[in-house]
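Participant: Heads up: the sequence shown runs through residues 0 to 115, numbered per numbering that gives the first Met the number 0.
Have a look at this one before I ask anything.
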Amino acid sequence: MSGKWIVFEGLDGAGTTTQVERFVARLREAGVGSDSIFQTAEPTAGPFGQLCREALRGKFSLDPQTLALAFTVDRSHHLSKEEGILAHQDRGHWIAMDRYFYSTLAYQDEVDRDWL
């Protein structure tokens, strides 16, 4: 069985994290077991995700293409690692995600869309 993948997108401060948490709580209330729910976010807590977060917070500067590549590497790892999104999807789990591809387009507005 294929998993269900729900992504919440929005501007910074729009409440995407809150909505993901509410959605997961509602799934649990509906009887979906915690072991069948994968709650996640991008950028991730991994090394490339941390790099992205720190650059977005202004801790240091990256040129737009380098930041776009960091987001892409973070997502690739997030999707394909042994316990990543696709593994959970293959197991039929619910995937509740705070941001995904459309945030890349928003954060990399200085990069040519065809390059992305």
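Heads up, the beta-carbon is just placed ideally off N, CA and C, and yes, glycines get one too.
How would you label Ser60, buried or exposed, when you count the other beta carbons within 10 angstroms and need 16 or more for buried?
Facilitator: With fewer than 16 other Cβ atoms within 10 Å, it is exposed.
Participant: Quick check: what's the CA-CA separation for Gln18 versus Ala69?
Facilitator: Looking at the two C-alpha atoms, the distance is approximately 26 Å.
Participant: Between the beta-carbon of Leu55 and the beta-carbon of Tyr106, is there less than 8 Å?
Facilitator: Contact flag set, yes.
Participant: Inspect the beta-carbon positions of Gly48 and Asp11 and report whether they are closer than 8 Å.
Facilitator: Result no, Cβ atoms of Gly48 and Asp11 do not sit closer than 8 Å.
Participant: Grab the span of the beta strand (DSSP E) containing Val6 for me, first residue to last.
Facilitator: Run containing Val6: Lys3 to Phe7, per the beta strand (DSSP E) assignment.
Participant: Would you mind sorting Met0 into buried or exposed? The rule is 16 or more other CB atoms within 10 Å of its CB.
Facilitator: The pLDDT assigned to Met0 is 48, lower than 50, so where the model puts this residue is not dependable, and the model offers no usable value.
Participant: Quick test of your reading: His92 and Phe37, contact by CB under 8 Å. State the CB separation rounded to the nearest angstrom.
Facilitator: That belief holds up - the Cβ atoms of His92 and Phe37 are roughly 5 Å apart, short of 8 Å.
Participant: Which of helix, strand or coil does DSSP assign to Asp73?
Facilitator: Note: Asp73 maps to helix in three-state DSSP.
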